[in-house]
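Report on one structure; see the data block that follows.
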Amino acid sequence: MDEKEQDQRLNEQLRADHVQKWQHRRFRVGRKNRAIKRRRWHTTVRVAGPLLVLLLSGCLYFGYLASPASRVQTVRVTPQPARNQLPQQLPVQPGDNLQVVQRKRSALERQLQRQNDKVKQVNLQMTGNRVQIQVQLEKPLAMIEHQRVFHALYSSGKIAHQATKQVDQQRTCVIQGIKQRGELQLIGRQLGKLAPNLVAEIQTIHQEPSQPGMEKVRLQMRDGNQVVTFTNQLAKQLTYYPKLKPTLKQPSVLKMEFGAYATPLN
1 MDEKEQDQRL NEQLRADHVQ KWQHRRFRVG RKNRAIKRRR WHTTVRVAGP LLVLLLSGCL
61 YFGYLASPAS RVQTVRVTPQ PARNQLPQQL PVQPGDNLQV VQRKRSALER QLQRQNDKVK
121 QVNLQMTGNR VQIQVQLEKP LAMIEHQRVF HALYSSGKIA HQATKQVDQQ RTCVIQGIKQ
181 RGELQLIGRQ LGKLAPNLVA EIQTIHQEPS QPGMEKVRLQ MRDGNQVVTF TNQLAKQLTY
241 YPKLKPTLKQ PSVLKMEFGA YATPLN
């Protein structure tokens, strides 16, 4: 086989390989069609657009968490006199995560309310990265006397841990002889339902002999009368006292467990 025949066979083999390689090739004839190009572009945007937005949102979110804008900048307690009633170390401090504080807001309010007997209500407000704690204090409704030591009783049923030895009994209701904590708390909640001027008319509260589950109290009023009623009905029954008092001709014991029956003290 001469050189000419070898070149001819080689050319035929290359031509066959070329045909074998390209005969099944797909030509993208739609490249020059604007409608097809537009549809492909819209398909790409619909798929890649949400992924891009999600990626950017994630970057912005984690960037916000790493920035000072996501942290508490200042904590302020109002009114200022209430600042002394809260613990020195507040559960919310500058530098805390704002989202964590917002999520635990109710729990933090209850925690601050439990930590001090004089705190009646706590309202935690957030403005930007500034936290303001509004505190509402309450005055004691009565003083619990035990061995000449007095503990304040509040309308929430709380009993002050800190004791005092001096009380103005001319203006303060004093509870004597009652040691059961549950009954004292119930008395505090009952007194909290009464008007302040009506509570001011009570001089002392004593425990009245009664059967278990039907506890009674005897209220010594400053006008000389006495009122006997069930402990859990103290607020309800005592609201009738201002209207019943003018009907009493002399100092009497007004028994209000079942209705209202008056017996003269003398």
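If you use the working numbering, the sequence shown corresponds to residues 1 to 266, in order. Even glycine gets a Cβ: it sits at the ideal position worked out from N, Cα and C. These numbers were taken from a predicted model, which means no experiment stands behind them.
Item to complete: With a threshold of 16 other CB atoms inside 10 Å of the CB of Phe150, please say whether the residue is buried or exposed.
Response: Numbered from 1 along the sequence shown, position 150 holds the residue referred to as residue 150. The residue in question, Phe150, is buried, as its Cβ has 16 or more Cβ neighbours within 10 Å.
Discussion item. Just verifying my parser: in three-state terms, what is the DSSP assignment at Glu201?
Written reply: What you label residue 201 is simply residue 201 of the sequence shown in a count that begins at 1. Reduced to three states, the DSSP call for Glu201 is coil.
Practice prompt. Could you check which residue in Gly177, Lys236 and Asp117 has the C-alpha nearest to that of Ala152?
Written response: To locate residue 152, count along the sequence shown from 1; it is residue 152. Answer by Cα proximity: Asp117.
Practice prompt. Excluding the 5 residues preceding and the 5 following Thr78 in the sequence, name in chain order all residues of the same chain whose CB lies nearer than 6 Å to its CB.
Written response: Here residue 78 refers to the residue found at position 78 of the sequence shown. Here the set comprises Gln134.
Worksheet entry | Beta-carbon contacts of Gln220 that lie in its chain and below 6 Å, excluding the five residues immediately before and after | Within the sequence shown, residue 220 is the residue found at index 220, counting from 1. If we look at Gln220 and ignore the five residues flanking it on each side, its Cβ neighbours are Gln203, Thr204 and Gln226.
Worksheet item: What residue from Val119, Ser57, Lys179 and Ile144 has the CA that sits closest to Val167's CA?
Response: Start at 1 with the first residue of the sequence shown, and residue 167 comes out as number 167. The shortest CA-to-CA distance from Val167 to any of Val119, Ser57, Lys179 and Ile144 is the one to Ile144.
Fill in: Straight-line gap, Val75 to Arg130 (C-alpha atoms, nearest Å)
Counting from one through the sequence shown, the residue named residue 75 turns up at place 75. Counting from one through the sequence shown, the residue named residue 130 turns up at place 130. Those two C-alpha atoms are separated by around 6 Å.
Worksheet item: Asn123 and Glu138: beta carbons closer than 8 Å?
Response: As a first step, residue 123 must be located in the sequence shown, where it is residue number 123. As a first step, residue 138 must be located in the sequence shown, where it is residue number 138. It is not a contact, given that the beta carbons lie outside the stated cut-off.
Discussion item. So the candidates are Arg218, Leu56 and Leu90; which of them puts its Cα closest to the Cα of Gln72?
Written reply: Along the sequence shown, read from residue 1 onward, the residue named residue 72 stands at position 72. First, the amino acid is wrong: residue 72 is Val here, not Gln. With distances taken between Cα atoms, Val72 lies closest to Leu90.
Worksheet item: Ala142 bridges to which residues according to DSSP?
Response: Taking the sequence shown and counting its residues from 1, the one referred to as residue 142 is at position 142. Ala142 is bridged to Leu153 and Cys173.
Worksheet item: What are the residues that DSSP puts in a beta bridge with Ala262?
Response: Here residue 262 corresponds to residue number 262 of the sequence shown, with the count starting at 1. Beta-bridge pairing links Ala262 to Leu254.
Practice prompt. Could you tell me the distance, in whole angstroms, from the CA atom of Ala235 to the CA atom of Gln99?
Written response: Taking the sequence shown and counting its residues from 1, the one referred to as residue 235 is at position 235. Taking the sequence shown and counting its residues from 1, the one referred to as residue 99 is at position 99. When rounded, the distance between both Cα atoms is 43 Å.
Worksheet entry | Residues near Pro242 in its chain [Cβ-Cβ closer than 8 Å; skip 5 each side] | The sequence position of residue 242 within the sequence shown is 242, counting from 1. Its chain contains Leu198 as the residues whose beta carbon lies nearer than 8 Å to that of Pro242, once the 5 sequence neighbours on both sides are disregarded; these appear in chain order.
Discussion item. With H, G and I counted as helix, E and B as strand and the rest as coil, what does DSSP make of Ile133?
Written reply: Against the sequence shown, residue 133 aligns to sequence position 133. Of the three classes helix, strand and coil, the one that applies to Ile133 here is strand, per DSSP.
Practice prompt. Return the CA-CA distance between Glu215 and Glu208, expressed in angstroms with no decimal places.
Written response: Mapped onto the sequence shown, residue 215 falls at position 215. Mapped onto the sequence shown, residue 208 falls at position 208. Roughly 7 Å separates the two Cα atoms.
Discussion item. Check this for me: beta carbons of Ile159 and Leu184, under 8 Å apart or not?
Written reply: As a position in the sequence shown, residue 159 is number 159, starting the count at 1. As a position in the sequence shown, residue 184 is number 184, starting the count at 1. Result yes, Cβ atoms of Ile159 and Leu184 sit closer than 8 Å.
Practice prompt. Tell whether a beta-carbon distance below 8 Å holds between Ala260 and Ser252.
Written response: Position 260 of the sequence shown, counted from the first residue, corresponds to residue 260. Position 252 of the sequence shown, counted from the first residue, corresponds to residue 252. No, the pair does not count as a contact, with Cβ atoms beyond the cut-off.
Worksheet item: Can you name, in chain order, every residue of its own chain whose Cβ lies under 6 Å from the Cβ of Gln132, other than the five neighbours on each side?
Response: Within the sequence shown, the letter at position 132 stands for residue 132. So the list reads Arg76 and Gln125, once near-sequence residues are dropped.
Discussion item. Assuming the contact rule is C-beta atoms closer than 8 Å, Thr239 and Leu186 should be a hit. Round their C-beta distance to whole Å, please.
Written reply: Within the sequence shown, residue 239 is the residue found at index 239, counting from 1. Within the sequence shown, residue 186 is the residue found at index 186, counting from 1. Contact flag wrong, Cβ pair sits at about 17 Å.
Fill in: Residue interval of the beta strand (DSSP E) (run including Arg110)
For the purposes of this step, residue 110 is identified with residue 110 of the sequence shown, where counting begins at 1. Careful: Arg110 lies outside any beta strand (DSSP E), inside the alpha helix (DSSP H) at Arg105 to Arg114.
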